[in-house]
Amino acid sequence: MRATAVRRTALAASAAALALLATACGGSSDADAKGGKDEKGAANGNSSAPEAPAKALTAAELETATLAQGDVKGTKITKAGPADEVPADGVKADKEACLPVAHAMYGVAQKDAVATTKRKVIDEPKADGKKSLEDVAKGGGADAFKDAFNLTSTFVALTSYEGTAGPDTFAALKKAAAECAGGFTATVANAPTKVASITEEKVTGGDEAAAWTVTSEDDGETAPFKLVALRKGSSVATFFAFNLAAAGGDVKFEVPAEVVAAQDKKLA
144 MRATAVRRTA
154 LAASAAALAL
164 LATACGGSSD
174 ADAKGGKDEK
184 GAANGNSSAP
194 EAPAKALTAA
204 ELETATLAQG
214 DVKGTKITKA
224 GPADEVPADG
234 VKADKEACLP
244 VAHAMYGVAQ
254 KDAVATTKRK
264 VIDEPKADGK
274 KSLEDVAKGG
284 GADAFKDAFN
294 LTSTFVALTS
304 YEGTAGPDTF
314 AALKKAAAEC
324 AGGFTATVAN
334 APTKVASITE
344 EKVTGGDEAA
354 AWTVTSEDDG
364 ETAPFKLVAL
374 RKGSSVATFF
384 AFNLAAAGGD
394 VKFEVPAEVV
404 AAQDKKLA
């Protein structure tokens, strides 16, 4: 394929990916709460609610358990700001059953949430990268695009819940992902995003964990995202990630396992 065609296809898909993530960095704001520490359970990917409701982490405890700079090697971790906020009623889905997936994509906390923290985890450019963004613009072709854009960005929303709301939230998301495998349309601020498909991925951690590839579609161009949910006691973390080079079909995009593992460790 000619370099110009490669750039056109890849950048169009990347534009769709960026548009989705730009709005995806949202969620409910941190709130004061009462409670203690969560209970421990067996790490697996199957739904298994604790025998007794776990106590919700307070806002301060949740902040301590949230990812910080240095927790994931080779990444830059920052707090999401006020401009990233998306209220629950600001997210719509054309299929009601798919709303839990849309909420997870946009970092929206569910009913009975006590506190929420939000982080952006972005891969640092590799020192051995062969070509820069300028090379891409000058016609470096597929290799230049892959080198310059093979970076994964992950939005992490960590929420503590009262009573059984944590396990219930996790279970509702798994059910919605299965029922909406054929796709749906999510709308935020009057901007629709078409989800073409949802396919299950493998992931482990916490008391239970689940992951999916969420493929978005825009003007015939598709872009893969990774959505992960991790529950530890009464706390639920969601991870929504994309890779620009993967949007162009140039690299294989994996679940952000290191980010998930780091968050799991801090919740232990």
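Residue 144 is where the sequence shown starts when you use the numbering used here, and the numbers rise one by one after that.
Cβ coordinates follow ideal geometry from the N, Cα and C atoms, glycine included.
Sequence-distant residues of its chain with Cβ nearer than 6 Å to D266 (five each side left out)
T218, L294, T295
Where do the ends of the alpha helix (DSSP H) carrying D407 lie?
400-410
Please name the residue in Q253, A258, A404, K263 whose C-alpha comes closest to that of G348.
A404
For D266, name the three-state secondary structure that DSSP assigns.
strand
Kindly give me the distance between the Cβ atoms of K375 and A353, rounded to whole angstroms, as I take these residues to be in contact under 8 Å.
13 Å between Cβ atoms; not a contact.
Three-way DSSP call (helix, strand, coil) for T312 in this model
helix
Have a look at N386 and A203 and give me their C-alpha separation to the nearest angstrom.
32 Å
May I ask you to report which of helix, strand or coil DSSP gives S296?
strand
I'd like to know whether the C-beta atoms of R262 and T221 end up nearer to each other than 8 Å.
yes
Cβ-based neighbour list, V402, same chain, cut-off 8 Å, excluding 5 preceding and 5 following:
L210, V215, T218, V264, T297, V299, F382, A384
How is K318 classed by DSSP in three states: helix, strand or coil?
helix
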